[in-house]
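Working notes, structure below.
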Amino acid sequence: MNLNGRTILITGGSAGIGLAFALKFAELGNEVIVTGRRQAVLNEVKAKYPKLHTIQSDVANPGQIAALATRVKADFPKLDVLMNNAGIMIHRNLTAPAADLAELTAEMNINVGGVIGMTSAFIDILTANKGTLINVSSALAFVPLPSAPIYSATKAAIHSYTQSLRFQLEETGVEVIELMPPAVKTDLTADLSGGSLTLITTDELVKQSFASLRAGAQEIRPGQAKQLAFLRRLAPDFINGQLWKASKKLVPVGV
Ligand SMILES: NC(=O)c1ccc[n+]([C@@H]2O[C@H](COP(=O)([O-])OP(=O)(O)OC[C@H]3O[C@@H](n4cnc5c(N)ncnc54)[C@H](OP(=O)(O)O)[C@@H]3O)[C@@H](O)[C@H]2O)c1
């Protein structure tokens, strides 16, 4: 991927991995727009990093996706990178009926529906500008973390969807990249800190990922993501069991 002179939209770019990528892309001289649901957080980001453009938008809301697409296409006609990064993870107890069935699919709506909706809304401008699409799935696309069963399923879905997308777009000039991070220290993984899983920093993730992006990789598996991909083939029962052991205590008691 060409890392200079791009105009880049990052969903969920107000924190964690999205913000770390936004700052690195900006440092390399690219124009970067970040989104998130909370305006107050976006205001803080704007105050701290005035070079970043911030726009409030919820990827789970089709009306907000449509409004974002209209605004970005008008204000940033050179947009040529979309990084579908926004995501949430919830540890869940599946052993009894959920109190709120609509809430039960929140991760599906954001992590899957958001990526599909955003990609569709921006595919015309990405094609016109021979752009790049970066979908952020996870190493958990290979092996589930059983305490976060729906989250893990969303990431497996994004892995599959991204492969199909790459084939469908092969003659359009749009490059399709999948970033599959291992456990990274962010708000999303606050519950995992101090447990048996090793977490890397966003700086480390950026370092490894940008080296792969620069080298032209299409599927980026930093750190332990590489090992999980290997182990799910070599010893699937073993690695599934290990992740269950590591996450069992994160399953909420009751529902
Ligand atoms: N951290 C890890 O270990 C890890 C590992 C593998 C993959 N990932 C993936 O990396 C991505 C980023 O995760 P992270 O760890 O950086 O999480 P994070 O620190 O919690 O940040 C999530 C970002 O997404 C935004 N967001 C959440 N829901 C949104 C929505 N519906 N619409 C728009 N923005 C939304 C948040 O802002 P608001 O809350 O204000 O909306 C925030 O900016 C996710 O897709 C995650 O699944 C993370």
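With our numbering applied, the sequence shown corresponds to residues 65 to 319, in that order. Here a beta-carbon is modelled for each residue, glycine too, at the ideal position from N, C-alpha and C.
Arginine 285 and proline 300 have their C-alpha atoms some 18 Å from each other.
Under a 10 Å Cβ-count criterion, glycine 181 is classified as buried, with 16 or more other Cβ atoms of the shown protein chains found around its own Cβ. Under the 10 Å beta carbon count, lysine 142 is surrounded by fewer than 16 other beta carbons and is classified as exposed. For asparagine 107, the number of other beta carbons within 10 angstroms of its own is below 16, and it is reported as exposed.
For ligand 1, no non-hydrogen atom lies closer than 8 Å to the CB of proline 208. Glycine 259 and valine 248 have their C-alpha atoms some 13 Å from each other.
Per DSSP, reduced to three states, the secondary structure at glutamate 242 is strand. Collapsing the DSSP output to three states places glutamate 235 in coil. At least one heavy atom of ligand 1 lies closer than 8 Å to the C-beta of lysine 249. Between threonine 196 and arginine 70, the C-beta spacing is below 9 Å. Taken from the Cβ of valine 240, every heavy atom of ligand 1 lies 8 Å or farther away. Cβ-Cβ distances below 6 Å link asparagine 175 to Gly151, Thr218 in the same chain, with the five nearest sequence neighbours on each side left out; the list follows chain order. When distances are taken from the beta-carbon of leucine 252 to the heavy atoms of ligand 1, the shortest one is below 8 Å. Taking all protein chains in view, the Cβ of proline 316 is surrounded by fewer than 16 other Cβ atoms within 10 Å, so the residue is classified as exposed. If you look at leucine 256, you'll find it isn't in any beta strand (DSSP E); DSSP assigns it neither H nor E. Distances from the CB of alanine 203 to the heavy atoms of ligand 1 include at least one below 8 Å.
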